[in-house]
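Going by UniProt numbering, the first residue of the sequence shown is number 1, and it counts up by one from there. For each residue, glycine too, the CB sits at the ideal point set by N, CA and C. One structure is given here, and the rest of the page talks about it.
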Amino acid sequence: MMAELIKNVEHGKVFGLKDLVELEAGKVNSLTLSQTPGCKVTVFAIDADEGMSSHAAPGDALITVLEGTGEITVNDVPHQLNAGESIVMTAGSPHSVRGVTPFKMQLTVVKPTE
C-alpha cells in the first residue's frame, strides 16, 4: 500500500481547512497536510501581530487566507488579504506574514524536483 500523500485529515470525509488549526493568543500554530520533494501544504493559525519574519522559499509559494485578515509583504510591498483571497510569491522572493486580525491561511509551496 502506498503511503498517504495527504496526511493529518480523514480521507473521503468533508472538512473545513480552517477547522484543522486552532488560534491561540500570541502564537503561530501549523499543521502540515503534505510534504513531498516537489510540494508542501501547510495550514496556519496566526494571532494578530504574530507571524513569520522575512524569509524566502525554494519554490513558488501560494497563500490563501481562510479566515480573518493577514498582511503578506512581498519584496517590501505589503498586501492585505481577507478570507478567500490569495497571493503567489515567486521562488526566492523575500516575504513575511503578519496577522492584522487573528487569521488562518493555507500555504502551498511548489518547487522543482530536479
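Worksheet item: Got a sec, what are the start and stop residues for the beta strand (DSSP E) P78 sits in?
Response: Here the question's residue 78 lines up with position 78 in the sequence shown. Secondary structure note for P78: its beta strand (DSSP E) is the uninterrupted segment V77 to N82.
Worksheet item: Under three-state DSSP, which class holds D19?
Response: Taking the sequence shown and counting its residues from 1, the one referred to as residue 19 is at position 19. Three-state DSSP puts D19 in a helix.
Worksheet item: Contact between the stretch 64-75 and the stretch 31-39: three or more CB pairs below 8 Å?
Response: no
Fill in: Identity of the residue in V109, E4, A3 and T113 nearest residue 145 by Cα
This structure gives no information on residue 145, because the portion of the chain shown stretches from 1 to 114.
Item to complete: Locate the beta strand (DSSP E) running through D60, then write down its first and last residues.
Response: The residue you call residue 60 lines up with position 60 of the sequence shown. Segment D60 to E67, the beta strand (DSSP E) holding D60.
Worksheet item: CB-CB under 6 Å to V43, same chain, minus the five flanking residues each way: which ones, in chain order?
Response: Against the sequence shown, residue 43 aligns to sequence position 43. Only L17, L20, V21, L31 and Q106 meet the Cβ criterion.
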